[in-house]
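A.B. asks: Mapping of the sequence shown onto our numbering: position 50 corresponds to residue 125, and the numbering continues sequentially without gaps.
Built from N, CA and C at the ideal position, the CB exists for glycine as well.
Just so it is clear, the structure is predicted and the values come from calculations on it, not from any experiment.
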Amino acid sequence: MAKLIVAYPMHDGAKFDRDYYTATHIPLVETHWGPAGMTGAEIMWPADGGQPFACMVALAFADDAAVDAALASPGTPEVLGDVANFTDIQPTVYRTA
Numbered sequence: 076m077a078k079l080i081v082a083y084p085m086h087d088g089a090k091f092d093r094d095y096y097t098a099t100h101i102p103l104v105e106t107h108w109g110p111a112g113m114t115g116a117e118i119m120w121p122a123d124g125g126q127p128f129a130c131m132v133a134l135a136f137a138d139d140a141a142v143d144a145a146l147a148s149p150g151t152p153e154v155l156g157d158v159a160n161f162t163d164i165q166p167t168v169y170r171t172a
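Printed below as a string of structure tokens:
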């Protein structure tokens, strides 16, 4: 199993719309990347305001080839373009093997 870990590091005045993220963005990701082999999304919220990230999500894929297929899919520009609708934070992405 391969994963993409997407983290949204906090900064002063950061905005992050949790409702939009869970109700709209994650379903959009599932719609576009599910057919490529994404098998799930685990959203992690900070326990308190002192945490370094506004949100982290672990996107699970069947294997590395599925990650590559998802990132190369025609829906990826829409997924990436949607980030501005819920946050002003530049996400960081960590890919696992």
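1. Would you call V168 buried or exposed, if buried means 16 or more other Cβ atoms sit within 10 Å of its Cβ?
2. Going by DSSP, which residues form a beta bridge with I80?
3. In the DSSP assignment, what residue or residues form a beta bridge with A116?
4. Could you tell me which residues DSSP puts in a beta bridge with F128?
5. Considering only their Cβ atoms, is the gap separating Y96 from F136 smaller than 8 Å?
C.D. replies: Concretely, from the data shown:
1. Within the sequence shown, numbered from 1, the residue matching residue 168 stands at position 93. Answer is exposed; the Cβ neighbour count stays below 16.
2. Taking the first residue of the sequence shown as position 1, residue 80 is located at position 5. Bridge partners of I80: A133, Y169.
3. Translated into positions along the sequence shown, residue 116 becomes position 41. As DSSP reads the structure, A116 sits in a beta bridge with L134.
4. The sequence position of residue 128 within the sequence shown is 53, counting from 1. Looking at the DSSP assignment, F128 forms a beta bridge with P84.
5. Your numbering for residue 136 matches position 61 in the sequence shown. Your numbering for residue 96 matches position 21 in the sequence shown. No, the pair does not count as a contact, with Cβ atoms beyond the cut-off.
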